[in-house]
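Data block below; observations after.
In my numbering, the protein residues as written are 16 to 438.
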C-alpha cells in the first residue's frame with residue numbers, strides 16, 4: 016500500500032516535468048480543422064458568492080458507510096488474490112490513437128483556445144454505446160505524479176446509467192510513454208450478499224478522484240470509494256456481471272474493482288456531487304465538488320470542498336467526525352448553469368460549462384470572489400472556445416497540466432495556458 020508525504024522525491028518530480036516538457040505533442044494540424052463557434056456569448060456569471068448559511072452548508076454533509084472487512088475478504092478469498100495497478104497495466108489489451116490518426120469528427124471535440132498539447136482518441140468500436148465521463152491520474156494519487164514507477168491515467172465510462180440497469184467501467188491507461196498509450200478495462204462493482212457476489216455500479220461517472228490508494232467516484236446516490244489495492248481478476252468473459260457458472264464475469268472487462276465504502280447525502284433534499292477534483296494547494300489536501308443548478312435553471316450552481324483525513328489507517332478517505340459524518344469546509348454559489356468539470360487551485364476556481372447548442376462549443380471560466388473571466392478566441396473574441404462537454408478537469412500538479420476528455424478525445428494542456436487565454 017502506498018501513501019507517502021508530499022516532502023519526498025521532489026527530485027524525481029522535477030525529472031518528470033522535464034521529461035513531459037520534451038515530449039509535448041504538436042496539434043497545430045488538428046487546430047486547423049477546428050473553428051470557433053461564433054454564438055452569442057452567455058451571461059457573465061460574476062464572482063463566487065460564499066455560502067454563509069449553516070443550514071445550507073449542513074445540507075452538503077455526507078454519511079460514511081464502509082463495507083465490512085469480512086465482506087471484502089470473503090470476496091477476495093473466492094475470486095483469488097487481489098492484484099496491483101501495475102499488473103493491470105502489464106495486461107493492457109487496447110491502444111489509444113495519436114491525434115494525427117484520429118477522425119476529423121473526433122478532433123472537433125478538442126478545445127480551440129487554449130489548444131491541447133496532448134491528445135488521443137478512443138477506438139469507436141471499443142467505446143460504442145458508452146458515455147465518456149471523468150478523468151483522474153496518478154498525479155492525483157501522489158504528489159510526484161507516479162504510482163510506484165508508473166504514470167497512469169484513469170478514464171471513466173458508463174452505459175445505460177439512466178435506464179436503471181447501467182454499468183460503469185474505468186480504463187487503466189499506461190501513460191509511461193505518452194506517445195503510445197495502452198489500456199485495459201476495469202469494471203466498477205459493489206459487493207453484495209456479504210461478499211459472496213457483486214453487482215455493477217449503476218451510475219454515470221461524472222466525477223472521479225484517485226487520492227493515495229483510494230478512488231472516489233460520483234454516483235446517483237452519493238460517492239463510492241474503491242481501494243486500488245483490491246483489483247480482482249475476472250475469470251469468465253461474458254456479458255454478465257457477478258458470479259456465474261465457472262467463475263466471475265465483468266461484462267467483458269478483464270478486471271473488477273469492488274467498492275469499499277460509500278458516502279450518502281445526509282438529507283433527502285441534500286446536494287449531490289456531480290463533479291470532483293483534487294486540490295493539493297490546501298492544507299490538508301481537499302476534495303472539490305460541484306453540483307449542477309436545478310433543471311429549470313432556477314438557482315445557482317454550488318461549489319464546495321471536503322477535507323481529506325490525515326490518519327494513515329484511513330488513507331485516501333475524507334475526514335469524518337466520530338459519527339462518520341463528512342462536513343463541507345466551505346461552499347460557494349456560482350451563477351452558472353450546466354457546470355461540467357470543476358477545478359480549484361490556489362484560491363482560483365475553474366469551471367467548464369457545456370454548450371447550449373447541440374453542435375456548439377462550451378466555455379471555460381476562472382472565478383474567484385470578485386469576478387469571472389472566460390478563455391477567449393477567434394476574430395470576434397468569443398468566449399465559446401472550449402469543448403462542447405467536459406465532465407471533469409484534473410490537474411496533474413507535477414507537470415502543470417490539466418487533463419480532461421470530451422467525446423472520444425482524451426487531452427491535456429498546461430494550466431498556465433488557460434490563464435493566458437483568459438479575456
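Backbone N, C-alpha and C define an ideal beta-carbon position, used for all residues, glycine too. Since the model is a prediction, treat every value here as computed from it, not as a measurement.
Residue range of the alpha helix (DSSP H) that includes residue i
| i | result |
| --- | --- |
| residue 89 | 84-94 |
| residue 71 | 69-73 |
| residue 100 | 100-105 |
| residue 119 | 119-122 |
Own chain, CB closer than 6 Å to residue i, minus 5 neighbours either side, in chain order
| i | result |
| --- | --- |
| residue 272 | 201, 203, 241 and 246 |
| residue 235 | 218 |
| residue 433 | 129 |
| residue 175 | 181 |
| residue 382 | 63 and 364 |
| residue 478 | Nothing in the structure corresponds to residue 478, since the chain is present only between 16 and 438. |
| residue 194 | none |
| residue 361 | 296 |
| residue 335 | 79 and 341 |
| residue 473 | Since the first and last residues shown for the chain are 16 and 438, residue 473 lies out of range. |
Contacts around residue i, its chain only, beta-carbon distance under 8 Å, and the 5 residues preceding and following it disregarded
| i | result |
| --- | --- |
| residue 255 | 264 and 266 |
| residue 237 | 77, 277, 278, 279, 280, 287 and 288 |
| residue 49 | Any reading at residue 49 must be qualified, since the residue scores a pLDDT of 42, below 50, and its modelled position is unreliable; no value is offered. |
| residue 169 | 150, 151, 152, 185, 186, 187, 188, 223, 225 and 230 |
| residue 85 | 209 and 210 |
Outcome for residue i when other beta-carbon atoms lying within 10 angstroms are tallied against a minimum of 16
| i | result |
| --- | --- |
| residue 431 | exposed |
| residue 58 | exposed |
| residue 45 | Only weak support exists for where residue 45 lies, its pLDDT of 43 falling under 50; the coordinates are left without a value. |
| residue 491 | Since the first residue shown for the chain is 16 and the last is 438, residue 491 is missing from the structure and cannot be characterised. |
| residue 143 | exposed |
| residue 394 | exposed |
| residue 355 | buried |
| residue 97 | buried |
| residue 260 | exposed |
| residue 398 | buried |
| residue 409 | buried |
| residue 102 | exposed |
| residue 396 | exposed |
| residue 414 | buried |
| residue 435 | exposed |
| residue 320 | buried |
| residue 139 | exposed |
| residue 298 | exposed |
Distance cut-off 7 Å: residue i Cβ against heavy atoms of the ligand GDP
| i | result |
| --- | --- |
| residue 298 | Here there are no bound small molecules, and the ligand GDP is not part of this structure. |
Endpoints, beta strand (DSSP E) assigned at residue i
| i | result |
| --- | --- |
| residue 212 | 212-215 |
| residue 139 | Taken as a continuous stretch (DSSP letters only), residue 139 belongs to no beta strand (DSSP E), being part of the alpha helix (DSSP H) at 139-142. |
| residue 189 | 182-189 |
| residue 156 | Per DSSP, residue 156 belongs to no beta strand (DSSP E); it is in the alpha helix (DSSP H), 153-156. |
| residue 203 | 197-207 |
| residue 169 | 167-174 |
| residue 328 | No beta strand (DSSP E) contains residue 328, which DSSP labels as neither H nor E. |
| residue 81 | 77-81 |
| residue 348 | 345-349 |
| residue 134 | 133-136 |
| residue 225 | 223-226 |
Selected residue, minimal CA-CA separation from residue i, among the options
| i | options | result |
| --- | --- | --- |
| residue 305 | 382, 288 and 294 | 288 |
| residue 68 | 423, 294 and 345 | 345 |
| residue 294 | 357, 341, 262 and 83 | 357 |
| residue 478 | 390, 338, 418 and 395 | Residue 478 lies beyond the range of the chain shown here (16 to 438); nothing can be said about it. |
| residue 137 | 114, 106 and 250 | 114 |
| residue 151 | 220, 119, 145 and 93 | 220 |
| residue 401 | 412, 379, 165 and 257 | 379 |
| residue 148 | 173, 437 and 205 | 173 |
| residue 11 | 132, 327, 322 and 100 | What is shown of the chain runs 16 to 438, which leaves residue 11 out entirely. |
| residue 292 | 417, 82 and 132 | 417 |
| residue 250 | 244, 262 and 104 | 262 |
| residue 158 | 340, 216 and 227 | 227 |
| residue 119 | 424, 428, 437 and 429 | 424 |
Cutoff 7 Å; reference residue i; Cβ partners in own chain excluding five residues on either side
| i | result |
| --- | --- |
| residue 89 | 209, 210 and 211 |
| residue 403 | 124, 369, 370, 375, 376, 377 and 421 |
| residue 440 | Lying outside 16 to 438, the shown extent of the chain, residue 440 is not represented and no answer is given. |
| residue 207 | 213 and 214 |
Subject >> Entirely enclosed alpha helix (DSSP H) segments - the segment 228-315, minimum 4 residues >> reply: none
Original post:
In chain order, which beta strand (DSSP E) runs of at least 3 residues are fully inside the segment 352-434?
Top reply: 354-360, 363-368, 378-382, 387-389, 409-411, 416-421 and 424-429
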